[in-house]
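>
2 protein chains.
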Amino acid sequence: MSRRGYARRDRILAVALQEFAENGYRGASLARIAERVELSQAGLLHHFKSKELLLVAVLDYRDEVDTQRFDIEVASGAEMLKRMVEVVEYNSRVPGLVQLFSVISGEAVTGDHPGHEWARERYRRLRGWVGDALRKGIAAGEFRADIDTEAHADRLIAMMDGLQTQWLIDPERVDMAAVFRGYVDDLIAALRP
Amino acid sequence: MSRRGYARRDRILAVALQEFAENGYRGASLARIAERVELSQAGLLHHFKSKELLLVAVLDYRDEVDTQRFDIEVASGAEMLKRMVEVVEYNSRVPGLVQLFSVISGEAVTGDHPGHEWARERYRRLRGWVGDALRKGIAAGEFRADIDTEAHADRLIAMMDGLQTQWLIDPERVDMAAVFRGYVDDLIAALRP
DNA sequence: TATAACCAACCAAATGATAGGTATGTGTCC
DNA sequence: GGACACATACCTATCATTTGGTTGGTTATA
Numbered sequence: 443m444s445r446r447g448y449a450r451r452d453r454i455l456a457v458a459l460q461e462f463a464e465n466g467y468r469g470a471s472l473a474r475i476a477e478r479v480e481l482s483q484a485g486l487l488h489h490f491k492s493k494e495l496l497l498v499a500v501l502d503y504r505d506e507v508d509t510q511r512f513d514i515e516v517a518s519g520a521e522m523l524k525r526m527v528e529v530v531e532y533n534s535r536v537p538g539l540v541q542l543f544s545v546i547s548g549e550a551v552t553g554d555h556p557g558h559e560w561a562r563e564r565y566r567r568l569r570g571w572v573g574d575a576l577r578k579g580i581a582a583g584e585f586r587a588d589i590d591t592e593a594h595a596d597r598l599i600a601m602m603d604g605l606q607t608q609w610l611i612d613p614e615r616v617d618m619a620a621v622f623r624g625y626v627d628d629l630i631a632a633l634r635p
Numbered sequence: 443m444s445r446r447g448y449a450r451r452d453r454i455l456a457v458a459l460q461e462f463a464e465n466g467y468r469g470a471s472l473a474r475i476a477e478r479v480e481l482s483q484a485g486l487l488h489h490f491k492s493k494e495l496l497l498v499a500v501l502d503y504r505d506e507v508d509t510q511r512f513d514i515e516v517a518s519g520a521e522m523l524k525r526m527v528e529v530v531e532y533n534s535r536v537p538g539l540v541q542l543f544s545v546i547s548g549e550a551v552t553g554d555h556p557g558h559e560w561a562r563e564r565y566r567r568l569r570g571w572v573g574d575a576l577r578k579g580i581a582a583g584e585f586r587a588d589i590d591t592e593a594h595a596d597r598l599i600a601m602m603d604g605l606q607t608q609w610l611i612d613p614e615r616v617d618m619a620a621v622f623r624g625y626v627d628d629l630i631a632a633l634r635p
């Protein structure tokens, strides 16, 4: 792949991200993406062989960036929780990105959706990370030993996602970051030994 | 409208519900719905003038049924919370219905989606109900008076929605009902005066 | 007699994808 | 450096299919 090719791919990914976020997988159109990249639709398909592959490429790309930003290797359980709050606060400043995951996750509950498997693996990974951090917190004596770490991991992720949906649909009425922060604060207090 | 007409409309609503749940608004096709109702596509559009109107009709219809089942007029705050747990338990037995709301809510974060306004109003209504019940609980002395009822309402709804998404995407790994029950149990304990 | 309940035929627009072409580099051997 | 080979990066044109929606009619029902 040439230097120019890489640049194009990046540009395509950026535009496709917006398009998928705004219209979902089904609602997005290759022609419109191509137009915004100043490329013919066939030219676009030269870089990504199909719409499905393009979506997966976008998701993987975003996942990678976010994973780096999230910086999974945290020292302790409480630190992870605070990191999650920071993520939500950051997200409340970039609606576009949040929308991508919300829209695709919503669509992907359908079995035959190209993002289905991706979403499943992503949730498993997230639950793993959060659960591990909580267990680390127990080991460090930060948290009580009798808590259900897996259930708490499920809840933290569900809370993030659920608040995102409400916030995207009605931004003026829902202060996603503040409400999530409240949840985490209460949780930290409740988990203290 | 004739007797036969009413029956048809009901049948259309039922089939359209499944189709929208399985494919979302954008993914659903009037032709396929019509086929399953054993009707021509033009015949279908005789009953509902457009796809958009059909979606709204389905949503309103389901909303009405669910609202009756949910039985909003509860006596107290704790009772409402327990009622919510029952709803989640019921939902975990009817994936199709849950999927409708998840898929449409996901799609509806997009501003121009025909379900956008519907989703916004629905969330406002839900938040109102749950918030009212919590305030009723305070008035009755069930709950502490210093709690943030609106934030708790947001969280309860977010938790329901978020768990639903995870459960729909990975049913074997997520016990939606149990995890939600755990949340509510902890909450009731935390809210006690 | 009027209205509701259909249907066949049709429409323009958009969809993702393919075929087959032409430039434009890019690397390799002399 | 120059010549050749080859892959990359596109393009136009075309494809079959599907989309939601309309028109104009016929049949049944109230």
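Those protein sequences? They're chains C and Z, same order as listed.
Take 443 as the starting number for the first sequence in this note's numbering and just add one per residue.
Take 443 as the starting number for the second sequence in this note's numbering and just add one per residue.
Positions of the beta carbon are idealized from the N, C-alpha and C atoms, including for glycine.
Computed from a predicted structure; not experimentally measured.
Taking C:R562 as part of the alpha helix (DSSP H), name the residues at either end of that continuous run.
Its alpha helix (DSSP H) spans residues 558-581.
> What is the DSSP secondary structure of Z:L542, reduced to helix, strand or coil?
Helix at Z:L542.
> Verify whether the separation of the beta carbon atoms of C:G604 and Z:G604 is less than 8 Å.
Their beta carbons are under 8 Å apart, which means C:G604 touches Z:G604 by this criterion.
> For C:A582, collect the residues of the same chain with a Cβ closer than 6 Å to its Cβ; drop the 5 residues on either side in sequence, then sort them by chain order.
So the qualifying residues of the chain are S518.
> Confirm, please, whether the CB-CB distance from Z:D628 to C:A632 is below 8 Å.
Yes, the Cβ-Cβ distance between C:A632 and Z:D628 is below 8 Å.
> Would you kindly work out how many angstroms separate the C-alpha atoms of C:R535 and C:T509, rounded to a whole number?
Each residue's Cα considered, the two are about 18 Å apart.
> Using DSSP with H/G/I as helix, E/B as strand and the rest coil, what is Z:R535?
The answer is coil: DSSP assigns Z:R535 none of H, G, I, E or B.
> Using a Cβ cut-off of 7 Å, pull out every chain Z residue sitting near C:S547, in sequence order please.
Result: G548, T607.
> Distance check for Z:E506 and C:E528, CA to CA, integer angstroms please.
Their Cα atoms are separated by approximately 39 Å.
> Is Z:L481 helix, strand or coil by DSSP?
If DSSP states are grouped into helix, strand and coil, Z:L481 belongs with coil.
> Going by CA-CA distance only, name the one from C:P635, C:G557, C:L539 that's closest to C:L496.
The option with the nearest alpha carbon to C:L496 is C:G557.
> Determine whether the beta carbon atoms of C:E584 and C:A520 lie at a separation below 8 Å.
A contact, by the Cβ cut-off of 8 Å.
> If distances are taken between C-alpha atoms only, which option among Z:D596, Z:E559, Z:R562 comes closest to Z:D574?
That would be Z:D596, whose Cα lies nearest to the Cα of Z:D574.
> For the alpha helix (DSSP H) that C:F512 lies in, which residues bound it at each end?
Start and end: 493-512.
> Is any heavy atom in the ligand ADP found nearer than 7 Å to the beta carbon of C:V540?
In terms of ligand content, the structure shown is empty, and the ligand ADP therefore cannot be addressed.
> Output yes or no for whether 8 Å exceeds the beta carbon distance between C:E549 and Z:E563.
No. Outside cutoff.
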